[in-house]
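FYI, the working numbering numbers position 278 of the sequence shown as 266, with every residue one higher than the one before it.
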Amino acid sequence: MEEARPLVLIVDDNLTNSTFCEKLLTKNGYETSVCSSGEEALEFIGKNTPDLILLDIVMPGIDGYEFCDQLKRTPRLKDTPVIFLSAMNDETSIINGFKSGGVDFITRPFRGQELLARTRTHIELKRAKEKLLRMAVTDELTGLFNRRYFMSRLNQEFERVKRYESIFTFIMIDIDFFKKINDTHGHLAGDFVLRNVAEMMKKSLRLSDTVGRIGGEEFAILLPETEIGYGVEIAGRLRKKIEKSAIEFENKKMNVTISAGISDSDSGDLTVDAVLNRADVALYEAKDKGRNMVRAIRPEHRRNFEVPANSES
């Protein structure tokens, strides 16, 4: 798939300067947007995410330094590279540009090829950093979050729930007889199954939910602000969806099912391990009773819920 053209935001109250930058960048394959004030630029970034910003310093109202400072305090945009463009070439102005969060400073009059080279370099650095961050938190095979990141999210949610007396539901999932799939059809088929199951999970969840691959054939789902009963419904629907899916690899159909263990947060839990342990016990029960099943344990009464294999849930 072709990568989207980088979006460069030009913030300058001088029409001659902004037009020059806009034409140069557009001619060389960049998307551009122009704002003539800091206020207009703040409104723009509230709705858009530029790949890089070319920023004048002296403007009426919010100047370049203040705009950059506000940009860097916005979590979604704090890593957006900012190149200051200014006729001010004194040491103090340049230092203030870097202090406010700029990554580069070009003094006017500047050369077009220099501007292009610096723009390209900083966008490439930003994308390389983003790729490294994705690799650090993502399971390479399935594209889901990896165990390390998922557990950090679970711990964050546990602390949030304790602080605000809220709730969450946790689902632990295991692909049934996965070793048999590998032994019968080969590891490439096993990888294909893992990717397909992961994709079905992603499509079955809300944007607020977190799903990760935490082991070989083990997955986990975090459902914030969710009662355990709804978690049972989600797991039941997912179980049935996977059971009915026609996963075919090299013209060979494979019958794939999952077992799921579910728990929820409780005010009496001292650590997140208590939630994990309950889900683990529930998963063991689901597998012990024949697999292709959902089990849930509530901490209040240790009462078990079961969604049978033939359930419509």
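We treat Cβ as the ideally placed atom computed from N, Cα and C, and that holds for glycine.
Note that the coordinates shown come from a computational prediction; the quantities given were computed from them, not determined experimentally.
How far does the beta strand (DSSP E) with Met160 in it extend, from its first residue to its last? 156 to 163
Of the residues Met188, Arg148, Ile169, which one's Cα is nearest the Cα of Pro352? This structure cannot speak to residue 352, because the chain is shown only from -11 to 301.
Examine the ligand HEM and report whether any of its heavy atoms sits within less than 6 Å of the Cβ of Asp171. The ligand content of the structure shown is nil, which means the ligand HEM is not present either.
If you draw a straight line from the C-alpha of Glu300 to the C-alpha of Val282, how long is it? Any reading at Glu300 needs caution, since the residue's pLDDT is 42, under 50, leaving its predicted position unreliable; the model's value is listed next. Using only the alpha carbons, I get a separation of about 12 Å.
To the nearest angstrom, report how far apart Thr157 and Leu132 are at their CA atoms. 19 Å
Which full runs of the beta strand (DSSP E) of 3+ residues lie inside the segment 176 to 213, going along the chain? 198 to 201, 206 to 212
Is the beta carbon of Ala267 less than 7 Å from the beta carbon of Gly249? yes
List the DSSP bridge partners of Met242. According to DSSP, Met242 bridges with Ile235.
Backbone CA spacing between Asp0 and Ser24 [nearest angstrom]: Cα to Cα, the separation comes out at about 5 Å.
Any idea which residues DSSP pairs Thr126 with across the strands? Phe133
Below 8 Å on the Cβ atoms is my guess for Leu12 versus Leu103; work out the distance and round it to an integer in Å. Here Leu12 really is in contact with Leu103; their C-beta atoms are around 7 Å apart, less than 8 Å.
Evaluate the contact criterion for the segment 183 to 200 versus the segment 216 to 232: three or more CB pairs, one atom per stretch, below 8 Å. yes
Are the CB atoms of Ile209 and Arg286 nearer to each other than 7 Å? no
Contacts around Ile111, its chain only, beta-carbon distance under 6 Å, and the 5 residues preceding and following it disregarded: Pro(-6), Asp39, Leu40
Using three-state DSSP, classify Arg148 as helix, strand or coil. helix
Looking at the strands, I want to know which residues DSSP matches up with Ile71. Leu42, Asp92
If the criterion is Cβ atoms closer than 7 Å, does the pair Asp78 and Leu129 meet it? no
Taking just the CA atoms, how far does Asn16 sit from Thr80? 33 Å
Does the distance from the CB of Phe55 to the CB of Gly34 come in under 7 Å? no
Spatial neighbours of Tyr336 in its chain, beta-carbon cut-off 8 Å, leaving aside the 5 residues before and after: Here the chain has residues from -11 to 301 only, and residue 336 is not among them.
Tell me the rounded alpha-carbon separation between Asn298 and Ser247. Reliability fails at Asn298, whose pLDDT of 45 lies under 50, so the model's placement of it is uncertain and the value that follows must be treated cautiously. In a straight line, the C-alpha of Asn298 is about 13 Å away from that of Ser247.
Grouping DSSP H, G and I as helix and E and B as strand, with all else coil, what is Ile50? Ile50: coil per DSSP, three-state reduction.
If you check the beta carbons only, do Met160 and Leu59 fall under 7 Å apart? no
With Glu19 as the anchor, note down where its beta strand (DSSP E) starts and where it stops. 19 to 23
Alpha-carbon to alpha-carbon, Leu42 and Thr107: Between Thr107 and Leu42, the C-alpha separation is close to 9 Å.
Roughly how many angstroms separate the alpha carbons of Arg151 and Asp254, rounded to a whole number? Cα to Cα, Arg151 sits roughly 12 Å from Asp254.
Can you name, in chain order, every residue of its own chain whose Cβ lies under 8 Å from the Cβ of Val181, other than the five neighbours on each side? Ile163, Phe166, Ile169, Ile235, Phe237, Met242, Val244
Have a look at Asn36, Gln101, Thr109 and flag the residue whose alpha-carbon is nearest the alpha-carbon of Pro69. Thr109
Give every residue of the same chain whose Cβ lies closer than 6 Å to the Cβ of Ser88, excluding the five residues on either side of it in the sequence, and list them in chain order. Tyr53, Cys56, Asp57
Those residues which DSSP pairs with Asp171 across a bridge: Paired residue(s): none; Asp171 is not in a bridge.
Using beta-carbon positions only, say whether Ser21 and Leu3 come within less than 7 Å of one another. no
Could you tell me which residues DSSP pairs with Ile(-2) in its beta bridges? Bridge partners of Ile(-2): Val22, Leu42.
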